[in-house]
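**Q** Take a look at the following structure, please.
2 protein chains.
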Amino acid sequence: MFPTPVEQLITDLAKLPGVGRRSAQRIAFFMLRQPREEAASLAQSIIDVKDKIRYCRRCFNFTDDDLCVFCRDARRDASVICVVEEPSDIIPIEKGGDYRGIYHVLGGALSPLDGIDPEHLRIKELIERVEAGGIDEVIIATNPNTTGESTAMYVADQLRGRVKVTRLASGLPVGADLEYADEATVSRAILGRREM
Amino acid sequence: MFPTPVEQLITDLAKLPGVGRRSAQRIAFFMLRQPREEAASLAQSIIDVKDKIRYCRRCFNFTDDDLCVFCRDARRDASVICVVEEPSDIIPIEKGGDYRGIYHVLGGALSPLDGIDPEHLRIKELIERVEAGGIDEVIIATNPNTTGESTAMYVADQLRGRVKVTRLASGLPVGADLEYADEATVSRAILGRREM
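Protein chains in written order, with the numbering used here: chain A, 103 to 298; chain B, 103 to 298.
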């Protein structure tokens, strides 16, 4: 129905996460109305991100330098490592504002059925960081789901005896309504109850 | 929090319609994980759409040629023109599958408060097409909202006496529930009732 370049753009946009064919159409038509510079700027940003971004040598977060912004920052507490699955998991932790340590990005979660075994994640690199010394605590912040939990368990086992290992608390989200909470969460909240 | 190229991409993506900062982040991280060719293909599609797409000489739909796909198609009935606000409005009409005529894209709707007066739309060009002859009917398919209705009224006035002018029916959408329909729609449906 549309000229080939428009169809091609819609097809490419629809591959993005959270963008269906309808939103892709909407975005494509928006771009057609935009000044060329705006569209060119977006195209350039996409290329730049692929050409300039690599992994932090130490923690495997994204960076445009040798070390990432957290590993470079002398004000961060380098004796505490927070282990996450993906770089994007760092966002909510930083937004919380309570964490002042550094990170380690595993690059995913263990999922043997999908062929993701320990050697596919940066677990060896985490152990090396701990063995190099100077680390007081490793906080495991993988997702509270099946693959995240088994990854947490595996990583904790590997680090046992070498360093203090902790796990993010699981329980009712702040502001949640007990009546509408799912069973697994309530069960976790009860198991993890704290004395007042 | 992120390296500059990532922040820049998130900022650019968040300007797209329907893409908030959160979805922009998700898309940016998705692109970081994608192979470079995939990202480069999207960037190229954006550039292509700006460089290769222009307006159809006759109806002002988007095209990569002199005439758009509908104006080029000899099987379409060139004696009926359907007037729409934007090229994207052609999609639902074509999906309906009942329309075999051609189009005229106004490029918006009249909105004096926003500085959109008749001379900003392709109304003169529509009159010229009608005056050139061979047109039996002009169907006005501007949106059934305030600006779309006043545009329909204005265009109809301009064409009066030169050609048969019709307007898309307004009323209850197919599959709608009368109980939940808004008053304006019900009122339209009553005014536009048909004998059975």
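The C-beta atom is built at its ideal place from N, Cα and C for all residues, glycine as well.
(1) With DSSP as the reference, identify every bridge partner of residue 203 of chain A, one or two as the case may be.
(2) Would residue 150 of chain B and residue 110 of chain A qualify as a contact pair, given that the criterion is a beta-carbon distance under 8 Å?
(3) Specify the secondary structure class of residue 241 of chain B as computed by DSSP and reduced to three states.
(4) For residue 215 of chain A, count neighbouring Cβ atoms within 10 angstroms of its own Cβ and tell me buried if that reaches 16, exposed if not.
(5) Could you check what DSSP says for residue 158 of chain A in three-state terms: helix, strand or coil?
(6) Per DSSP, what are the beta-bridge partners of residue 135 of chain A in this structure?
(7) I'd like to know whether the C-beta of residue 131 of chain B is nearer than 8 Å to at least one C-beta of chain A.
(8) Roughly how many angstroms lie between the CA atoms of residue 201 of chain A and residue 195 of chain A, to the nearest whole one?
(9) Can you list, in chain order, the residues of its chain whose CB lies under 8 Å from that of residue 179 of chain A, leaving out five sequence neighbours each side?
(10) Any idea what DSSP makes of residue 269 of chain B, helix, strand or coil?
(11) Can you give the Cα-Cα distance for residue 296 of chain A and residue 105 of chain B, rounded to whole angstroms?
(12) Can you pull the chain A residues whose beta carbon is under 7 Å from the beta carbon of residue 104 of chain B, in chain order?
(13) Please compile the residues from chain A whose C-beta is within a distance smaller than 9 Å of the C-beta of residue 142 of chain B.
(14) Along the chain, where does the alpha helix (DSSP H) containing residue 214 of chain A start, and where does it finish?
(15) Whose Cβ in chain A lies nearer than 7 Å to the Cβ of residue 155 of chain B?
(16) Tell me the DSSP secondary structure of residue 173 of chain A in three-state form.
(17) Beta-carbon within less than 7 Å of residue 260 of chain A's beta-carbon, same chain only, minus the 5 sequence neighbours each way: which residues are those?
(18) With a cut-off of 8 Å on the beta carbons, I'd call residue 256 of chain A and residue 212 of chain A a contact; round off their distance for me.
(19) Can you check which of these residues, B:181, B:125, B:152, is closest to residue 235 of chain B by C-alpha distance?
(20) Excluding the 5 residues flanking residue 189 of chain A on each side, which residues of the same chain have their C-beta closer than 7 Å to its C-beta?
(21) Between A:240, A:233, A:281, A:219, which has its C-alpha nearest residue 186 of chain A's C-alpha?
(22) With three or more C-beta pairs closer than 8 Å as the rule, is the region 131–144 of chain B touching the region 168–179 of chain B?
(23) Quick check on residue 276 of chain A: does DSSP put it in helix, strand or coil?
(24) So with CB distances below 9 Å, who are the chain B contacts of residue 193 of chain A?
(25) Can you list the residues of chain A that residue 196 of chain B reaches, using a CB-CB cut of under 8 Å?
(26) Give the residues of chain E in contact with residue 246 of chain B, contact being defined as C-beta atoms less than 9 Å apart.
(27) Which partner residues of residue 164 of chain A appear in the DSSP bridge assignment?
(28) What are the partner residues of residue 185 of chain B, as DSSP defines its beta bridges?
(29) Would you report the Cα separation of residue 192 of chain A and residue 282 of chain A, rounded to the nearest angstrom?
(30) Suppose you measure from the CA of residue 237 of chain B to the CA of residue 227 of chain B; what does that come to, to the nearest Å?
(31) May I have the straight-line CA-CA distance separating residue 136 of chain B from residue 124 of chain B, to the nearest angstrom?
(32) Taking 8 Å as the threshold (beta carbon to beta carbon), is residue 213 of chain A in contact with chain B?
**A** So, from the listed chains and residues:
(1) Residue 203 of chain A sits at position 101 when you count from the first residue of the first sequence. Secondary-structure assignment with DSSP links residue 203 of chain A through a beta bridge to A:179.
(2) By 1-based counting over the second sequence, the position of residue 150 of chain B is 48. By 1-based counting over the first sequence, the position of residue 110 of chain A is 8. Cβ distance < 8 Å, so residue 150 of chain B and residue 110 of chain A count as in contact.
(3) Translated into the one-based positions of the second sequence, residue 241 of chain B becomes position 139. Note: residue 241 of chain B maps to strand in three-state DSSP.
(4) The count along the first sequence starts at 1 and reaches residue 215 of chain A at position 113. With fewer than 16 Cβ atoms within 10 Å of its Cβ, residue 215 of chain A is classed as exposed.
(5) Stepping through the first sequence from its first residue, residue 158 of chain A is reached at position 56. Coil, per DSSP.
(6) On the first sequence, residue 135 of chain A is found 33 positions in, with the first residue counted as 1. According to DSSP, which records beta bridges pairwise, residue 135 of chain A is partnered with nothing at all.
(7) Here residue 131 of chain B refers to the residue found at position 29 when the second sequence is read from its first residue. Yes, residue 131 of chain B lies at the interface with chain A (some Cβ there is under 8 Å from its Cβ).
(8) To locate residue 201 of chain A, count along the first sequence from 1; it is residue 99. To locate residue 195 of chain A, count along the first sequence from 1; it is residue 93. The alpha-carbon atoms of residue 201 of chain A and residue 195 of chain A are separated by roughly 7 Å.
(9) To locate residue 179 of chain A, count along the first sequence from 1; it is residue 77. So the qualifying residues of the chain are 202, 203, 204.
(10) Reading the second sequence from its first residue, position 167 is the one you call residue 269 of chain B. If DSSP states are grouped into helix, strand and coil, residue 269 of chain B belongs with the strands.
(11) Position 194 of the first sequence, counted from the first residue, corresponds to residue 296 of chain A. Position 3 of the second sequence, counted from the first residue, corresponds to residue 105 of chain B. Rounded to whole angstroms, residue 296 of chain A to residue 105 of chain B spans 39 Å at the Cα level.
(12) Numbered from its first residue, the second sequence carries residue 104 of chain B at position 2. Within chain A, the residues near residue 104 of chain B are 164.
(13) Here residue 142 of chain B refers to the residue found at position 40 of the second sequence. Result: 148, 149, 152.
(14) One-based indexing of the first sequence puts residue 214 of chain A at position 112. Per DSSP, residue 214 of chain A belongs to no alpha helix (DSSP H) and is neither H nor E.
(15) For the purposes of this step, residue 155 of chain B is identified with residue 53 of the second sequence, where counting begins at 1. In chain order: 105, 107, 108, 134.
(16) Indexing the first sequence from 1 puts residue 173 of chain A at position 71. Correct three-state label for residue 173 of chain A: helix.
(17) Walking along the first sequence from the start, residue 260 of chain A turns up at place 158. Cβ neighbours of residue 260 of chain A within its own chain (closer than 7 Å, five residues either side excluded): 225, 229.
(18) Counting from 1 along the first sequence, the entry for residue 256 of chain A is found at position 154. Counting from 1 along the first sequence, the entry for residue 212 of chain A is found at position 110. With 8 Å as the limit, residue 256 of chain A and residue 212 of chain A qualify as a contact, their Cβ atoms being about 6 Å apart.
(19) Against the second sequence, residue 235 of chain B aligns to sequence position 133. It is B:181 whose Cα lies nearest to the Cα of residue 235 of chain B.
(20) Taking the first residue of the first sequence as position 1, residue 189 of chain A is located at position 87. The residues are 163, 164, 207.
(21) Along the first sequence, one-based indexing puts residue 186 of chain A at 84. Residue A:240 is the option with its Cα nearest to residue 186 of chain A.
(22) no
(23) On the first sequence, residue 276 of chain A is found 174 positions in, with the first residue counted as 1. Looking at residue 276 of chain A - three-state DSSP - the assignment turns out to be coil, as it is neither helix nor strand.
(24) Walking along the first sequence from the start, residue 193 of chain A turns up at place 91. Within 9 Å Cβ-Cβ: 103, 104, 127.
(25) By 1-based counting over the second sequence, the position of residue 196 of chain B is 94. From the beta-carbon of residue 196 of chain B, the residues of chain A found nearer than 8 Å are 103.
(26) In the structure shown, chain E does not exist; the protein chains are A and B.
(27) Here residue 164 of chain A is taken as the residue at index 62 of the first sequence, counted from 1. Note: residue 164 of chain A sits in a beta bridge opposite A:157.
(28) Numbered from 1 along the second sequence, position 83 holds the residue referred to as residue 185 of chain B. According to DSSP, residue pairing for residue 185 of chain B in a beta bridge involves B:206, B:242.
(29) Here the question's residue 192 of chain A lines up with position 90 in the first sequence. Here the question's residue 282 of chain A lines up with position 180 in the first sequence. Rounded to the nearest angstrom, the two C-alpha atoms are 28 Å apart.
(30) Counting from 1 along the second sequence, the entry for residue 237 of chain B is found at position 135. Counting from 1 along the second sequence, the entry for residue 227 of chain B is found at position 125. Rounded to the nearest angstrom, the two C-alpha atoms are 14 Å apart.
(31) Residue numbering aside, residue 136 of chain B sits at position 34 when the second sequence is read from its first letter. Residue numbering aside, residue 124 of chain B sits at position 22 when the second sequence is read from its first letter. Roughly 19 Å between the two C-alpha positions.
(32) Position 111 of the first sequence, counted from the first residue, corresponds to residue 213 of chain A. No, residue 213 of chain A does not count as interfacial toward chain B.
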